[in-house]
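Taking UniProt numbering, the leading residue of the sequence shown gets 1, the next gets one more, and so forth.
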Amino acid sequence: MCCNFIFLHVNKLIHPRVSVSGGVVVKEDSDAVLPCSLSTKENIETKLFDWKKDENKDRKEVFMYNRGDYYAHGLSGQDKQFEGRVSHFNDELKNGNASIKIRKTKVADSGVYTCEFPHLQPPQKFTIELVVEPVFKDRSGENPAASPKPYIETLHQTQDRALLQCEVRGASPEPKLEWQDSSGNLLHAEETQRSITGGKYDTTIQTNVTKSGEYHCVLKQEGIHHNISAKTFVFISEKVLIGWIGGLAVGLAVGLAVGAVVLAALEALTLRCSPAFRHKVIDFLSQLRPQRNKPQNGTVTESMITMGPDKRDEPEQNGYI
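Here it is in structure tokens:
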């Protein structure tokens, strides 16, 4: 009976208490906080806790804290993958909080992490999974399979449109090309060529544009989440539009000038007409005169015909028409 008790007591010391937490999911290049806290909220400022990644595979040292010392601050041995990117919450140690933050996460950071307190009685271990979701970005410096920028060429241009071509050669994995305007709106494009030789792709697309502005040819390789683009500026001549507007403006100006001359001539002629005929002409002109020359009641009189002060003061001429 005594032997059984001793065996159970030793077994409890050898096997730590394991707690499994849920997963943490973040986007690539964002920060991730991996939680690890003692339920007793015991002060761990003078304790040891150790973070590892993929303990049962290619175990990597992520972060270790021991009585105020930690990686890059009195301790060595941290895996290069995590150097300079992992920190703890020093002010929370007194509350039993051993959580860490991984800055600027990478897809390679995905995996199962363990947070262990080997010197507690009983020892405790927490397990949590981190999932880093990849985002499309330029991976030219990190992945040799990443395609370089596509090549842009203006094939043909007139006063009102331009034909743009974008091509990439020898890309692998398979690339996808698309045209966008400066606001990121997708433009209609036609694929004019797609061939594969030895697992490498040659692709060409074309689009017609009718407005001046900046245009982007965007290349995506979904297999490696690689995204890169090239841009060009297109100037569409506005001579046709300007000429049309100018012609309209000149036509209006000429028309107004001619109309003013005709009205003035008619007014002058009425001075040599009989009163009855003159009144008929005045009534007709009242419909053509600008509004500013009409009184409030809408009646036009002879005195409103502007021929200069010297003309208004002269007596009526004889010799009616």
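Here a beta-carbon is modelled for each residue, glycine too, at the ideal position from N, C-alpha and C.
Nearest-angstrom Cα separation, counted from residue j out to residue i
i, j, result
"Thr197", "Glu133", "32 Å"
"Ala32", "Phe89", "13 Å"
"Glu116", "Gly223", "36 Å"
"Arg169", "Ile152", "12 Å"
"Thr232", "Lys104", "32 Å"
"Gln296", "Gln180", "Low confidence applies here, because Gln296 scores a pLDDT of 49, under 50, leaving its location unreliable and the question unanswered by this model."
"Glu45", "Tyr71", "15 Å"
"Phe136", "Ala146", "12 Å"
"Gly141", "Cys166", "23 Å"
"Lys125", "Glu55", "12 Å"
"Lys47", "Leu130", "25 Å"
"Asp79", "Asp109", "12 Å"
"Arg85", "His188", "43 Å"
"Asp160", "Ile236", "6 Å"
"Val62", "Glu178", "41 Å"
"residue 367", "Leu186", "Any answer about residue 367 is impossible in this case: the structure gives the chain only from 1 up to 321."
"Asp69", "Lys41", "20 Å"
"Pro35", "Gly77", "22 Å"
"Leu75", "Ser87", "13 Å"
"His73", "His216", "47 Å"
"His156", "Thr204", "16 Å"
Range covered by the beta strand (DSSP E) that runs through residue i
i, result
"His188", "No beta strand (DSSP E) contains His188, which DSSP labels as neither H nor E."
"Ser229", "His226 to Val234"
Beta-carbon gap between residue i and residue j smaller than 8 Å
i, j, result
"Lys220", "Lys149", "no"
"Thr114", "Lys52", "yes"
"Leu163", "Gln206", "yes"
"Tyr201", "Ser229", "no"
"Ser37", "Gly96", "yes"
"Val24", "Ile128", "yes"
"Tyr65", "Phe49", "yes"
"Val107", "Glu28", "yes"
"Val218", "Val234", "no"
CB-CB length for residue i against residue j, believed under 8 Å
i, j, result
"Asp138", "Asn43", "Asp138 to Asn43, Cβ: 46 Å. No contact."
Item checked: Contained beta strand (DSSP E) runs [length at least 3] in the UniProt domain "Ig-like" (16–127), N- to C-terminal order -> 17–20, 24–27, 32–34, 48–53, 60–66, 69–71, 86–88, 100–102 and 111–117
Within the UniProt domain "Ig-like" (144–229), ranges of the beta strand (DSSP E) (whole runs, at least 3 residues): Here the runs fully enclosed are 151–157, 162–171, 176–181, 190–197, 200–209 and 213–221.
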